[in-house]
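Here is the structure we will look at.
Residue numbers (the numbering used here): 45 to 350.
Right, dumping it as structure tokens:
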């Protein structure tokens with residue numbers, strides 16, 4: 045278990061300290077190993093781990109403090125405000141760049157496994173920084189790991205179907221979650237339910253696919269956005285990229301480096317195709333599967349501390 049505290053250092057800088065209580069010395073060792081690796085991850089769109097303290101049964105990682113808090117608060121929380129289109133696009137683009145670094149540019153492949161709006165923090169300029177590396181998987185390059193362990197705290201609407209149903213874990217799990225986050229950013233709606241006369245109880249992803257199938261996906265755009273701030277064709281393209289990220293099978297999803305390229309240029313791309321997975325089936329699977337131990341391989345490092 046863990047909780048985060050705000051602290052001020054002697055030099056006046058504000059930091060966040062996450063107290064993590066480990067249930068066993070083995071768990072502490074694993075989390076200690078995780079922190080040693082994460083402390084070397086440096087990227088503009090990733091929360092910087094400044095250091096950590098190892099005392100008794102607890103670990104205290106110290107990381108950057110973000111004054112603006114998390115993205116979910118600005119979309120539909122206590123800090124709810126009208127993020128303009130430029131800010132929303134920069135958050136989408138920056139998050140994609142951060143994930144591309146974790147997946148493809150660091151010396152080991154890092155799978156975040158819990159990408160959601162709550163885990164995307166915003167700095168003073170509303171630039172995104174991906175946080176919460178407590179559920180990481182570090183894999184050797186070009187390897188895919190299979191596991192049936194699902195964290196009970198994970199929100200089912202963000203979980204990729206192959207992970208929820210078969211326990212198959214790869215970088216494309218993050219790609220799927222990113223696609224859901226993009227739909228939330230564009231619509232200003234939570235992923236698990238779309239409120240409307242005809243769509244109560246429907247997931248945001250299913251709603252987005254329905255609109256896409258009828259070529260009316262521009263309806264998804266948050267009503268709080270000023271239409272003069274964006275070109276509707278650009279927004280439709282980003283919705284289509286988000287849907288591409290949620291496709292099944294896994295091979296149909298683009299790598300995050302490809303997503304970055306698609307977001308930054310006007311090149312043609314293959315249109316997304318809706319899969320046959322049903323959101324409710326995934327939710328039931330996530331809610332009912334028991335957590336079981338994962339098998340570590342010689343080519344992977346499992347990180348379980350949180």
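Glycine included, each C-beta is placed from N, C-alpha and C at the ideal position.
For residue 148, the three-state DSSP class (helix, strand or coil)
Within the chain shown, residue 148 is the residue found at index 104, counting from 1. DSSP places residue 148 in the helix class (H, G or I) of the three-state scheme.
Measure the Cβ-Cβ separation of residue 157 and residue 254 and say whether it is below 8 Å.
Counting from one through the chain shown, the residue named residue 157 turns up at place 113. Counting from one through the chain shown, the residue named residue 254 turns up at place 210. Contact flag unset, no.
So for residue 314, helix, strand or coil by DSSP?
Along the chain shown, read from residue 1 onward, the residue named residue 314 stands at position 270. Here residue 314 sits in coil by DSSP.
Please go through the same chain and pick out, in chain order, the residues whose beta-carbon is closer than 6 Å to the beta-carbon of residue 83, but skip the five residues on each side of it.
Start at 1 with the first residue of the chain shown, and residue 83 comes out as number 39. Within the same chain, residue 83 has close Cβ partners 93.
Buried/exposed call for residue 181, threshold 16 Cβ in 10 Å
For this step, residue 181 is matched to residue 137 along the chain shown. In this prediction, residue 181 scores a pLDDT of 44, lower than 50, which makes its location untrustworthy; no coordinate-derived value is stated.
Within 10 angstroms of its Cβ, does residue 185 collect 16 or more other Cβ (buried), or is it exposed?
Start at 1 with the first residue of the chain shown, and residue 185 comes out as number 141. Low confidence applies to residue 185: its pLDDT is 36, below 50, so where it sits in the model is not reliable enough to give any reading.
Once you ignore the five residues that flank residue 162 on each side, which residues in its own chain have a CB closer than 7 Å to its CB?
Mapped onto the chain shown, residue 162 falls at position 118. Result list for residue 162: 114, 116, in chain order.
So, for residue 396: in the same chain, excluding its five sequence neighbours on each side, which residues have a beta-carbon less than 6 Å away from its beta-carbon?
Nothing in the structure corresponds to residue 396, since the chain is present only between 45 and 350.
Residue 164 bridges to which residues according to DSSP?
Your numbering for residue 164 matches position 120 in the chain shown. Paired residue(s): 174.
Note down the Cα distance separating residue 107 from residue 128, rounded to an integer number of angstroms.
As a first step, residue 107 is located in the chain shown; it is residue number 63 there, counting from the start. As a first step, residue 128 is located in the chain shown; it is residue number 84 there, counting from the start. If you take the alpha carbons of residue 107 and residue 128, they lie about 28 Å apart.
Distance CB(residue 229)-CB(residue 136) smaller than 8 Å
Here residue 229 corresponds to residue number 185 of the chain shown, with the count starting at 1. Here residue 136 corresponds to residue number 92 of the chain shown, with the count starting at 1. In contact: residue 229 and residue 136 (Cβ atoms closer than 8 Å).
Is it buried or exposed, residue 210, if we count other Cβ atoms within 10 angstroms and call 16 or more buried?
The residue given as residue 210 occupies position 166 in the chain shown. Its Cβ having fewer than 16 others within 10 Å, residue 210 is exposed.
Do the CB positions of residue 262 and residue 280 come within less than 8 Å of each other?
On the chain shown, residue 262 is found 218 positions in, with the first residue counted as 1. On the chain shown, residue 280 is found 236 positions in, with the first residue counted as 1. Taking 8 Å as the Cβ cut-off, residue 262 and residue 280 qualify as a contacting pair.
When you compare the CB positions of residue 269 and residue 248, do they come within less than 8 Å of one another, or not?
Within the chain shown, the letter at position 225 stands for residue 269. Within the chain shown, the letter at position 204 stands for residue 248. Contact: no.
Can you check whether the C-beta of residue 235 is within less than 8 Å of a C-beta belonging to chain D?
Looking at the structure shown, chain D is missing, and only one protein chain is on hand.
Pull up the DSSP beta-bridge partners for residue 99, would you.
For the purposes of this step, residue 99 is taken as the residue at position 55 of the chain shown. Bridge partners of residue 99: 102.
So which of 95, 78, 220, 77 has the shortest CA-CA distance to residue 53?
On the chain shown, position 9 is the one that residue 53 refers to. That would be 95, whose Cα lies nearest to the Cα of residue 53.
Starting from the C-beta of residue 357, find all residues in its chain whose C-beta is less than 6 Å away, skip the five residues before and the five after it, and write them out in chain order.
With the chain covering 45 to 350 only, the question about residue 357 has no answer from this structure.
Measure the CB-CB distance between residue 160 and residue 221 and report whether it falls below 8 Å.
Position 116 of the chain shown holds residue 160. Position 177 of the chain shown holds residue 221. Their beta carbons are under 8 Å apart, which means residue 160 touches residue 221 by this criterion.
Which listed residue (300, 308, 204, 289) has its alpha carbon closest to that of residue 317
Sequence index remark: in the chain shown, residue 317 carries index 273 (1-based). It is 289 whose Cα lies nearest to the Cα of residue 317.
Hey, quick one: how far does the alpha helix (DSSP H) through residue 219 stretch, first residue to last?
Position 175 of the chain shown, counted from the start, is the residue given in the question as residue 219. That run of the alpha helix (DSSP H) goes 215-231.
Skipping 5 residues on each side, what residues in its chain have a beta carbon closer than 6 Å to that of residue 215?
As a position in the chain shown, residue 215 is number 171, starting the count at 1. Cβ neighbours of residue 215 within its own chain (closer than 6 Å, five residues either side excluded): 147, 155.
Taking the beta strand (DSSP E) that residue 155 falls in, what are its first and last residues?
Locating residue 155 in the chain shown gives position 111, where the first residue counts as 1. Residues 153-155.
In this structure, what does DSSP give as the bridge partners for residue 61?
As a working mapping, residue 61 is identified with position 17 in the chain shown. Note: residue 61 sits in a beta bridge opposite 49, 106.
So, with DSSP's three-state summary, where would you put residue 114?
Start at 1 with the first residue of the chain shown, and residue 114 comes out as number 70. Annotated three-state conformation of residue 114 is strand, per DSSP.
DSSP three-state label for residue 294, please.
Within the chain shown, numbered from 1, the residue matching residue 294 stands at position 250. Of the three classes helix, strand and coil, the one that applies to residue 294 here is helix, per DSSP.
Should residue 297 go down as buried or exposed, given a rule of 16 or more other Cβ atoms within 10 Å for buried?
The count along the chain shown starts at 1 and reaches residue 297 at position 253. Residue 297 should be labelled buried.
Measure the beta-carbon distance from residue 59 to residue 109 and round it to whole angstroms, keeping in mind my assumption that it falls under 8 Å.
Counted from its first residue, the chain shown places residue 59 at position 15. Counted from its first residue, the chain shown places residue 109 at position 65. The pair is a contact, with the Cβ atoms about 5 Å apart (cut-off 8 Å).
For residue 187, does the count of other Cβ atoms within 10 angstroms reach 16, so buried, or fall short, so exposed?
Here residue 187 is taken as the residue at index 143 of the chain shown, counted from 1. Low local confidence applies: a pLDDT of 46 at residue 187 is under 50, so the model's placement there is unreliable, with the coordinate-based value given in what follows. Counting Cβ neighbours within 10 Å, residue 187 comes out exposed, since fewer than 16 surround it.
Among 133, 224, 120, nearest to residue 287 - alpha-carbon criterion:
Taking the chain shown and counting its residues from 1, the one referred to as residue 287 is at position 243. It is 224.
So what does DSSP say about residue 159, is it helix, strand or coil?
Here the question's residue 159 lines up with position 115 in the chain shown. It is coil, neither helix nor strand.
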